[in-house]
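A.B. asks: Chains as they are written, first to last, in this note's numbering: chain A, 5 to 277; chain B, 3 to 836; chain C, 269 to 572; chain D, 589 to 775. Each residue gets a CB set at the ideal place from its N, CA and C atoms; glycine is no exception. Input: one structure, supplied below.
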Amino acid sequence: MTPGPRLPTLALPLWQAGGTRMGFFTDSSVCIGCKACEVACKEWNGVPDSKPAWSGNSYDNTLRLGANSWRHVAFVERVRQDDAAGVRWLMSSDVCKHCTRAACLEVCPTGAIFRSEFGTVVVQDDVCNGCGYCVVACPFGVIERREDDGRAFKCTLCYDRLKIGEQPACAKACPTASIQFGPLEELLETAHARLEQVRAQPGGEEAHLYGADESDGVGGFGAFFLLLDRPEVYGLPPRPEYRRRDVVTMWGAASVAAWLLVGGLAGAIRWRR
Amino acid sequence: MNSDCVVVMGSNMAECHPVAFQWVVESQKRGGKLVHVDPRFTRTSALADLHIPLRAGSDIAFLGGLIHYVLENHRYFRDYMVNYTNAATIIDEHFLDTEDLDGFFSGWNQDQGMYENRTWQYRGGSVWAAAGQRTAPPPQGEGVVVAGEVPFEDPSLEDPHCVFQLLRRHFSRYTEEMVERTCGVPAAQFRRLAELICDSSGPERTTCFVYAVGWTQHTVGVQYIRTAAILQLLLGNMGRPGGGILALRGHANIQGATDIATLFDVLPGYLPMPMAQDATDLDGFCRPHGGAAGGYWGNLKAYLVSLLKAYWGDAATADNQFAFNYLPRLTGDHSTYQSTLGMVDGTVKGFFVLGENPAVGSAHGTLHRRGLRNLDWLVVRDLYEIETASFWRDSPEVAAGEVRSEEIGTEVFLLPAAAHTEKDGSFTNTQRLLQWHERAVDPAGDRRSELWFAYWLGRRIREKLERRRLDRDRPILDLTWDYPLEGEQQEPRAEAVLREISGVAADGSPLPGLGALRDDGSTSSGTWIYCGAFAGGQNQAARRRPHWEQSWVAPEWGWAWPMNRRVLYNRASADPSGQPWSERKRYLAWDPELGRWTGPDVPDFPVDRAPTYQPPPGASAENSLPGDRPFVMQADGRGWLFAPSGLLDGPLPTHYEPQESPTHNPLYEQEANPARQLFRRPDNPYHPTAGEEGADRFPFVMTTYRLTEHHTAGGMSRFLARLSQLQPEMFCEVSPELAELRQLRHGGWATIVTERASIEARVLVTARLTPLRVQGQQVHQVGLPYHWGSRGLVRGDSANDLFPLVLDPNVHIQEVKAATCDVRPGRRADQAPS
Amino acid sequence: MAAVGGREEPAERPLVPRERPRSYYGLPIVRRPAWTWEVPLYFFTGGTAGALAATSILARWSGQHRMGRSARRMALAGALVSPALLISDLGRPARFLNMLRVVRPTSPMSLGSWTLAGFGSALGMAEAADLAGLPVAVTGTMEGAAGILGPILANYTAVLLGDTANPIWRAGRHLLPFVFSGSSLAAAGGALCLAGPEEGRPVSRRMVVVGTALEQAAFLAMESHLGPLAEPYRTGRGGRLARVHRLASWTSAVLVLAGRRSPLLLRLGGAIALGSSALLRQAVYRAGFQAVDDPSYLVESQGP
Amino acid sequence: MPFEARRWPVWRQVTGRDLLGLGGTSTSNLTEVRTARTASADRVAPSICPYCAVGCGQLVYVRQGEVTQIEGDPASPLSRGRLCPKGAASRELVNSPLRELKVKYRRPHGTSWEEISLDSAMEMIADRVIATRDATFEEVDQQGRPLRRTMGIASLGGATIDNEENYLWRKLMVGLGVVQVENQARI
């Protein structure tokens, strides 16, 4: 076994046990769509380049998050009906949400995905065997299996940088601090204050925080957003869901179904006698 | 960050300077407003509180409208204006305005196609300009060369010949109706902006203007900035925190290259390059009419002699006028577009290209490539094999079969350059801040720095010339050329060069600053404005004290020229008596007890000069200016609302149409800037302008621009996968209305056609572009990013190929922000030959 | 090529939406499975093997030893093929053992892997014990273990699909196990009809009929529960597969009943029952693609 | 790696009170020792972004003679550690395999590049400069006024290179009498 320093093995995620959960607050109201986050992320994490293809979807040629794009800036062009000035151009940098109840993590059968001491959800590329379950489980379509590699990849919230006390590459690069990194509690406070400011401005009436509420379908995000329009406009699910109790009820249904199978079988067999 | 209102105009700040844009966002978070005035709705507009689309090429009319609004509604900052600008100065009574002469100022010489500026002078005085065309006509009659006080002024501003009244009359027709007709901006929208700017200016507040090449790349480019300067001076927004006019420049060291002068018409530090007709004696050159200008330019001789000493060292002596006549002489415009024509015409035979890609980045790329094909030899130094180096094998002309490689006689050397991580050196940023970058690794293979190339090429040439003892070779052989060499590659030491630039005294000790420069040959300084960058023998540009360890002005990070000043003319941040205009906008203030100016910045003023100072008779240079004249580079120490000299196309800005415009000039019979530089020749055709026959063949306005994801002509971005994938193809932006008119399919192809070239692009139909109503007619605009070329990971046609050569007369800048074109559906190859 | 797709914004129209968009350029929100063809096939082989293992122990208890052994061997074959299919689907097949690194009760795949491992081992040991002539109790115990795991194996894959973000799998999550149970039972019956001993034919026939009835009833219930979300089961490739499956299912039931007098028809019916069960997994799998390719299913299912 | 039962995550799961196995019990050895490459750099060179004129501070991380990472310098009062996409791609700019490494020479009318040494390229360029200068040198204009220049040679560029380089290049050009020296700026 490899010698070297070993972190304490955590029984429970540190942030649940009173540690500090770190995360992102992406304030789309100041996003200028520069894509520095996309580049900084790829540079730091050595993410492979995407094949150049022009989409015509405004200035978005990345299109969505995936194995080779851990940050993705959405560009939404809208004609504002209520204003003679007309257009509105919404931009928002999307990223893995590092959910409180993370479907990818909970379904991962190898333990490749784990909850780090920072409360983030991290894939270990030396463990992942590419079973692909996380890909279909993620309510945001974030994690993806890399075609030529076979393993699944997504944002690690720069786990390696966090370990040396650095902030993630995207947040560090972001020119307008649209991407902010910090203890989640503090970010939430900032976000609520910012929301009030944005809502008071013209055009900010529909602004809302996305993923900042622990009562939502995934227990809140470790990386949440301030959006100026409804989530689906940015390619985000309006009400993402992942609940552990659903798994329990599903197993319940499956048990009943299994008994039904056995019953049917028994019937078929006893019938003969 | 300290602005109450930021007006971004002629710039797409969020896209082209994203990191600087953080400060605009900060100001917005503090309650400041952001206004974006631009033909297109860009990523800057997306964050703006107000976006105003206007017709490309109509900004002077728009800004003139603002000036009109300020003057007629008495919204100017009177105390500031009267004391700190030349509003009260009386102008020569022979001066006639464009209002009198229907689009011309007095002094127009039709034969020569240029102005004679004698009638633009101050009454009884002739004034040197601080920049631009520096020489002024000899003073008339009893007149003097202005130094400090001006001969005639009227602080009541009522004299019909005072600048204030001239200004009022000049802009009298720039009403909001005129703005609407000319720019396509509805009057209500215009008024909203005008009120916002006025409300955000004055003692308590400041407004800042931000521009870039959207203002400069016009045939009246310089006058665009002048218009903004006039507005800002009227509103009292110059030299104060959160005010000013900020130019956002596109290259890492474009400011430094300008300062240190890889430009034909200035020597380092904006010293004028001598013309053939100038005096051949040093004193006559520095004091052309027997008088020296007021302000710091009064020290011209000290600065020039120090440069000559830096160039020629011991060979520059008082006996040979410090080798003044070693300097070659100019005979006119020798700017790059003239050189291009020289190549085409066969007079320019050898060409060096250092980190630039004119085959893609220059207007009328086709003509440029024709020039390259006609050279004897070409040396390209770059990181990548750019189009300028490869034109002989894959230019559009070769690809189309118009020219075969075998027919091209140019000998080409492509030398790999060292990157910024592979050499020591300093860049000067857009705020005049010198910052040092350290060599992190050695360059591999044949990669070398430009410093190495310049030094070793010079050394070889000198060795070859030494033997022949020709008089013409003295200037090259006498250059001081002894720099310490380092390492295996024998790299000249960059700090030694910076030391020479900054300057040394006769004993070789580094100079503390430009105040120490002398005209007797006892000091040398390669660039007077950089004097002090190596003060104390320390590389001041390499200072990197973290911003959290110093004041918000951060004076200990890098070094700003001149003298580490961060805000120019900052004396204007205090009122004439030396007190801040308001507590909210406090910056510099006179401390009577200490007897000096205090504040977070280095005062741009003699530090111990009291506000009450009156120059004694015979005082010269900066000492000729009273203590309440903040504009220390100007001969009269005042901000110029009216520019009596320095400009070749008028003392006041005037709206002229671009060379190619779909509409008439609504103000004057004269359509375009009469003094613009035209090149009427078969290989540079211009489109007929509005009203002329055939103008309807090119009915649309096109404008070029950059995207965040790429860099200028693409030499530093198209070869990078990280960036190429973000913007992989050339596209054009058109409004839904234009798409319908021309049957352009979103996502399909369009061909953009001019008399110079046809290029193809993918079609991006977007409501971010909107047709404007100009003089009752609908004007469609086409947006064209200009990053692509025939090489790189992503390739495409070059937008600059579409444009003609037509230049601003003052700085010879190309007009690529507004011209006319046609747009047709389909690819280039599908087009029927026209 | 214009990538402006989706239902609201056809490519010919300018990019400026006139109505409020319900998606981002029509791009999918959640992902299609990254799995290859092996996975839906495994749903079938694993499910069938599971039902067969249960048949094996029940048959033994009811004294039908030949049928029990036959069912067990078929189940063993399934238990050997299944991991092979799964491993070849992995992005990194060499790391298949990592499936046993952790036990994640929250992960149907983790539990499924352990189940499959236990199931296969039990069947293998049963077979080995049988071949080695060990006491019947040993074989029986092993068979019993496999028989208990079998019904779970038969339908846990429905839980696996239900525990995803795919809108139709997720919405049908409580009914899909019944569909899979029925289908597995029918397939097990089909396998025995096709290749089982003669003595088990009546039982096998009834397994096909009962299984088909359960499967079809559950499927109908699921479709009606899905409401508008059931569209992917009715249109496109998923719809075609579902229709062929339904036809094959009923055909197999009719044929095995008709097979009372004709072993040929019985075998044909059995084969069709097997094929139909495999088709079911394909249909469900493919309909899932359709359900994510158009993001409006997801957006509508999460509605305002 | 030999199997070690106590490192088996299932064992750690049970003994570490992480029954669901979702916490830190499934980390690999590699995960536990892996750290950021900036922490293991041999040297960090202060630098400035080479793209636009904002002048954002950069830190260049070097390990074994190779640039391993370039990111923003948080100490800069201008950029506060932030970079735009171009600045963030600087490492690729300097490390790209597409970058030129060797001198390329194209003879007149040639159809392909040839390789020549840097030394001979410098020698040839020096000869060309001297020859063209001699052939086109103008001592005086038509009125006999001194010119001391050549109009046969032009130079373009400077905005992407250092102050020191611009200075030295212009000095050389002035010495040679080359007046057509220009860069990207127009002022």
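Is glutamine 779 of chain B helix, strand or coil by DSSP?
C.D. replies: Strand, per DSSP.
A.B. asks: At 8 Å on the CB atoms, spell out the chain B contacts of aspartate 630 of chain D, in chain order.
C.D. replies: Simply none; closest approach about 10 Å.
A.B. asks: Taking beta-carbon pairs under 9 Å, can you tell me which members of the stretch 759-772 of chain D lie near chain B?
C.D. replies: Answer in chain order: Lys759, Leu760, Met761, Val762, Gly763, Leu764, Gly765, Val766, Val767, Gln768, Val769, Glu770, Asn771, Gln772.
A.B. asks: Would you check if the distance between the CB atom of glycine 450 of chain C and the CB atom of leucine 482 of chain C is smaller than 8 Å?
C.D. replies: Result yes, Cβ atoms of glycine 450 of chain C and leucine 482 of chain C sit closer than 8 Å.
A.B. asks: Just to confirm my understanding: we take arginine 554 of chain C, look at its own chain, exclude 5 residues before and 5 after, and list those with CB closer than 7 Å. What are they?
C.D. replies: Answer for arginine 554 of chain C: Arg505, Gly506, Leu509, listed in chain order.
A.B. asks: When DSSP labels each residue in this structure, what does tyrosine 292 of chain C get in the three-state scheme?
C.D. replies: Looking at tyrosine 292 of chain C - three-state DSSP - the assignment turns out to be coil, as it is neither helix nor strand.
A.B. asks: Three or more C-beta pairs closer than 8 Å, one from the stretch 553-571 of chain B and one from the stretch 524-535 of chain B: is that the case here?
C.D. replies: Touching, yes, given that three or more Cβ pairs across the two stretches are closer than 8 Å.
A.B. asks: Any C-beta of chain A within less than 9 Å: which residues of the stretch 391-408 of chain B qualify?
C.D. replies: Residues passing the 9 Å Cβ filter: none.
A.B. asks: Is DSSP giving proline 360 of chain B helix, strand or coil here?
C.D. replies: Looking at proline 360 of chain B - three-state DSSP - the assignment turns out to be helix.
A.B. asks: Report the residue from B/Gln167, B/Gln745, B/Met704 whose alpha carbon sits nearest the alpha carbon of asparagine 802 of chain B.
C.D. replies: Cα-wise, what sits closest to asparagine 802 of chain B is B/Met704.
A.B. asks: Is any beta-carbon of chain D found at less than 8 Å from that of valine 818 of chain B?
C.D. replies: No, its Cβ sits nowhere closer than 8 Å to a Cβ of chain D.
A.B. asks: Shorter than 8 Å from the beta carbon of aspartate 398 of chain C to some beta carbon of chain A?
C.D. replies: Closer than 8 Å: no.
A.B. asks: Which residues mark the beginning and the end of the beta strand (DSSP E) in which aspartate 426 of chain B is found?
C.D. replies: Where aspartate 426 of chain B is concerned, there is no enclosing beta strand (DSSP E), given that its DSSP letter is neither H nor E.
A.B. asks: Measuring only between beta-carbons, confirm whether valine 569 of chain B sits less than 8 Å from chain A.
C.D. replies: Not closer than 8 Å to any Cβ of chain A, the Cβ of valine 569 of chain B fails to qualify, so no.
A.B. asks: Would you kindly work out how many angstroms separate the C-alpha atoms of glutamate 245 of chain A and methionine 732 of chain B, rounded to a whole number?
C.D. replies: Approximately 41 Å between the Cα atoms of the pair.
A.B. asks: Considering only the alpha carbon of each residue, which of B/Phe607, B/Phe644, B/Thr614, B/Glu440 lies closest to glutamate 624 of chain B?
C.D. replies: Comparing Cα positions, the closest option is B/Phe607.
A.B. asks: Taking all protein chains shown into account, do 16 or more other C-beta atoms lie within 10 angstroms of the C-beta of asparagine 572 of chain B, making it buried, or fewer, making it exposed?
C.D. replies: That one is buried.
A.B. asks: Look up histidine 439 of chain B in the DSSP assignment and say whether it is helix, strand or coil.
C.D. replies: Histidine 439 of chain B: strand per DSSP, three-state reduction.
A.B. asks: Please confirm whether proline 153 of chain B and valine 84 of chain B have their CB atoms less than 8 Å apart.
C.D. replies: Taking 8 Å as the Cβ cut-off, proline 153 of chain B and valine 84 of chain B do not qualify as a contacting pair.
A.B. asks: Name the chain D residues that come within less than 9 Å of proline 445 of chain C, Cβ to Cβ?
C.D. replies: Here the premise fails: no neighbours, minimum Cβ distance about 22 Å.
A.B. asks: Pair every Cβ in the stretch 260-270 of chain B with every Cβ in the stretch 589-599 of chain B, then say whether three or more of these pairs are closer than 8 Å.
C.D. replies: With the cut-off at 8 Å, the stretch 260-270 of chain B and the stretch 589-599 of chain B do not touch.
A.B. asks: Going along chain A, which residues have a C-beta under 7 Å from serine 378 of chain C?
C.D. replies: Correct list: Pro113.
A.B. asks: Going along the chain, which residues of the stretch 600-619 of chain D sit with their C-beta nearer than 8 Å to a C-beta in chain C?
C.D. replies: Those residues of the stretch 600-619 of chain D that come within reach of chain C (Cβ to Cβ, closer than 8 Å) are Gln601, Leu607, Leu608, Gly609, Leu610, Thr613, Ser614.
A.B. asks: In three-state DSSP terms, what is threonine 822 of chain B?
C.D. replies: Here threonine 822 of chain B sits in strand by DSSP.
A.B. asks: State yes or no: is the beta carbon of methionine 254 of chain A nearer than 8 Å to at least one beta carbon in chain C?
C.D. replies: True, the Cβ-Cβ gap to chain C drops below 8 Å.
A.B. asks: Taking contact to mean at least 3 C-beta pairs separated by less than 8 Å, is the stretch 102-122 of chain B in contact with the stretch 648-662 of chain B?
C.D. replies: Contact between the stretch 102-122 of chain B and the stretch 648-662 of chain B is present, because at least three Cβ pairs lie under 8 Å.
A.B. asks: Looking only at DSSP bridge pairs, what is phenylalanine 185 of chain A linked to?
C.D. replies: A/Phe28, per the DSSP bridge assignment.
A.B. asks: Taking cysteine 640 of chain D as the query, report the chain A residues whose CB atoms sit under 7 Å from its CB, ordered along the chain.
C.D. replies: Neighbours of cysteine 640 of chain D on chain A: none; closest Cβ ~12 Å, over 7 Å.
A.B. asks: Taking C-beta to C-beta, are valine 477 of chain C and alanine 521 of chain C nearer than 8 Å?
C.D. replies: Their beta carbons are under 8 Å apart, which means valine 477 of chain C touches alanine 521 of chain C by this criterion.
A.B. asks: For a cutoff of 8 Å on Cβ pairs, would you count valine 181 of chain B as touching chain A?
C.D. replies: So, not an interface residue.
A.B. asks: Looking at the C-beta of alanine 258 of chain A, does it have a partner C-beta in chain B at a distance below 8 Å?
C.D. replies: It does not; no Cβ of chain B falls within 8 Å.
A.B. asks: Out of B/Met635, B/Gly447, B/Met116, B/Glu694, state which residue places its alpha-carbon closest to the alpha-carbon of tyrosine 272 of chain B.
C.D. replies: The shortest Cα separation from tyrosine 272 of chain B among B/Met635, B/Gly447, B/Met116, B/Glu694 belongs to B/Met635.
A.B. asks: Starting from the beta carbon of valine 371 of chain C, find every residue of chain D whose beta carbon is closer than 8 Å, and list them in chain order.
C.D. replies: Result: Val598, Gln601, Gly609.
A.B. asks: Shortest alpha-carbon distance to asparagine 754 of chain D belongs to which of B/Gln257, B/Pro730, B/Val382, B/Pro646?
C.D. replies: It is B/Gln257 whose Cα lies nearest to the Cα of asparagine 754 of chain D.
A.B. asks: Going along the chain, which residues of the stretch 688-709 of chain D sit with their C-beta nearer than 9 Å to a C-beta in chain B?
C.D. replies: Here the close residues are Glu688, Leu689, Lys690, Val691, Lys692, Tyr693, Arg694, Arg695, Pro696, His697, Gly698, Thr699, Ser700, Trp701, Ile704, Ser705, Leu706, Ala709.
A.B. asks: Take serine 628 of chain D and list the residues in its own chain whose beta-carbon comes closer than 8 Å to its own, dropping the five residues that flank it on each side.
C.D. replies: Excluding sequence neighbours, serine 628 of chain D sits near Arg651.
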